[in-house]
Ligand code: ATP
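In full-length UniProt numbering, the protein residues as written are 325 to 630.
Right, dumping it as structure tokens:
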């Protein structure tokens with residue numbers, strides 16, 4: 325009987341492996357389906373990045389023909405500077421990051437990096453030069469070390485640990501029984517939103533791209549985690565051309581320019597102090613958020629006192 329049991333047991337294991345692999349492939353296809361590949365034009369050249377200036381020129385975009393999401397957006401992120409995009413939910417902020425990464429093509433206008441229209445360059449070369457810290461990081465079903473090393477396969481253990489340290493996730497990883505070899509993802513340890521984002525930051529630090537896109541998480545993080553992530557983001561963006569898609573305002577105070585998007589157009593632009601003084605949409609959003617934060621803190625203190 326045992327002779328029969330071993331192969332059957334093995335087949336069961338094989339079955340589970342294959343099933344999981346199919347689930348993984350399924351995930352991959354659903355990701356690709358959401359972002360149908362924009363293909364290279366014939367004769368497309370690799371993107372040559374010098375300083376890394378990003379320019380949007382009168383960019384228009386619609387997901388569906390009857391509804392235009394971006395209605396002629398122009399701005400520049402000078403080399404090494406940080407520009408933040410803020411605005412009400414649904415204003416089109418994340419759409420801007422998707423266009424820069426060329427998940428979609430603008431229906432009008434151009435996006436230039438160091439003078440080259442990104443629609444005319446090789447897709448792979450564009451993605452190589454842009455580091456993206458997305459809102460919601462999807463981790464591979466592998467070890468946490470593998471998930472960081474994905475930023476640069478040639479990196480050695482020391483470099484992986486250094487990137488993790490800069491992203492403020494190294495201490496957490498070392499506290500795990502299997503350290504960097506801890507399996508994560510669907511089949512492993514489930515990481516919180518903040519931890520996943522820090523893995524994505526470590527990955528991006530390792531990749532070291534000249535241009536960064538930070539699409540901040542929408543979900544509220546506790547203020548300690550938020551501060552840790554902010555410190556990590558500040559470190560990774562120093563000296564790099566950075567576009568921050570901000571869903572909360574606390575993270576944009578230090579940006580060189582803040583662009584306020586509303587219903588697909590730029591409603592206001594300036595620095596934090598300038599926009600507050602102007603008393604427009606940004607100032608209203610700032611005050612509302614401050615009130616909400618204060619109310620949340622008050623509730624928390626009351627709960628702690630009980
Ligand atoms: P939030 O702060 O809530 O994340 P946002 O400003 O980043 O909002 P976008 O994600 O850019 O907003 O979306 C802008 C608009 O485009 C929204 O009304 C959204 O419903 C719509 N939209 C986004 N993705 C798609 C899609 N794949 N197909 C159709 N419409 C979409």
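Positions of the beta carbon are idealized from the N, C-alpha and C atoms, including for glycine.
Residue i lies in the alpha helix (DSSP H); which residues open and close that run?
i, result
"residue 484", "481-490"
"residue 601", "596-602"
"residue 421", "417-424"
"residue 650", "Because the chain spans 325 through 630 in this model, residue 650 falls outside it and cannot be assessed."
"residue 381", "Element bounds for residue 381: not the alpha helix (DSSP H) but the beta strand (DSSP E), 378-388."
"residue 515", "Run containing residue 515: none; DSSP gives neither H nor E here."
Return the chain-ordered list of same chain residues with a C-beta closer than 8 angstroms to the C-beta of residue i, the five sequence neighbours on each side being excluded.
i, result
"residue 600", "606, 607 and 610"
"residue 404", "375, 376, 563, 564 and 565"
"residue 576", "408, 410, 568, 570, 582 and 596"
"residue 463", "471, 508, 509, 515, 520 and 523"
"residue 372", "438 and 440"
"residue 615", "none"
Which word fits residue i, buried or exposed, when buried means at least 16 other C-beta atoms lie within 10 angstroms of its C-beta?
i, result
"residue 380", "buried"
"residue 629", "exposed"
"residue 613", "exposed"
"residue 623", "exposed"
"residue 540", "buried"
"residue 561", "buried"
"residue 581", "buried"
"residue 370", "exposed"
"residue 627", "exposed"
"residue 603", "exposed"
"residue 347", "Confidence is the limiting factor: at residue 347 the pLDDT is only 49, short of 50, which leaves the residue's position unreliable and the question unanswerable from this model."
"residue 448", "exposed"
"residue 287", "Lying before the first or after the last residue shown, residue 287 is absent from the chain, which here runs from 325 to 630."
"residue 484", "buried"
"residue 389", "exposed"
"residue 500", "exposed"
Residue i lies in the beta strand (DSSP E); which residues open and close that run?
i, result
"residue 586", "581-586"
"residue 496", "Taken as a continuous stretch (DSSP letters only), residue 496 belongs to no beta strand (DSSP E), being part of the alpha helix (DSSP H) at 494-499."
"residue 394", "391-401"
"residue 455", "454-457"
"residue 406", "406-410"
"residue 565", "565-569"
"residue 473", "Segment 468-473 is the alpha helix (DSSP H) holding residue 473; no beta strand (DSSP E) there."
"residue 432", "432-437"
For residue i, collect the residues of the same chain with a Cβ closer than 7 angstroms to its Cβ; drop the 5 residues on either side in sequence, then sort them by chain order.
i, result
"residue 488", "472, 494, 497 and 526"
"residue 386", "392, 393 and 431"
"residue 368", "444, 445 and 446"
"residue 586", "411, 412, 415 and 605"
"residue 621", "none"
"residue 658", "Missing from the structure shown is residue 658; the chain here goes from 325 to 630 and no further."
"residue 476", "530 and 531"
For residue i, I'd like the list of residues in its chain whose CB is within less than 6 angstroms of its CB, leaving aside the five on either flank, ordered along the chain.
i, result
"residue 466", "none"
"residue 400", "379"
"residue 474", "527"
"residue 584", "410, 411, 591, 592, 605 and 606"
"residue 559", "490"
"residue 362", "426 and 429"
"residue 619", "none"
Report, in whole angstroms, the separation of the C-beta atoms of residue i and residue j, which I expect to be a contact under 8 angstroms.
i, j, result
"residue 579", "residue 408", "4 angstroms"
"residue 479", "residue 556", "So it is not a contact: roughly 18 angstroms between Cβ atoms."
"residue 456", "residue 537", "5 angstroms"
(Q) Quick test of the definition: if touching needs 3 or more C-beta pairs under 8 angstroms, does the segment 425-435 touch the segment 505-513? (A) No contact exists between the segment 425-435 and the segment 505-513.
Q.
Does the structure place the segment 381-393 close enough to the segment 548-555 that three or more beta carbon pairs sit under 8 angstroms?
A. no
Q: Could you say if the segment 533-541 and the segment 452-467 meet the contact criterion of at least three C-beta pairs nearer than 8 angstroms?
A: yes
Q. Does the segment 436-449 come close enough to the segment 586-599 to have 3 or more Cβ pairs within less than 8 angstroms?
A. no
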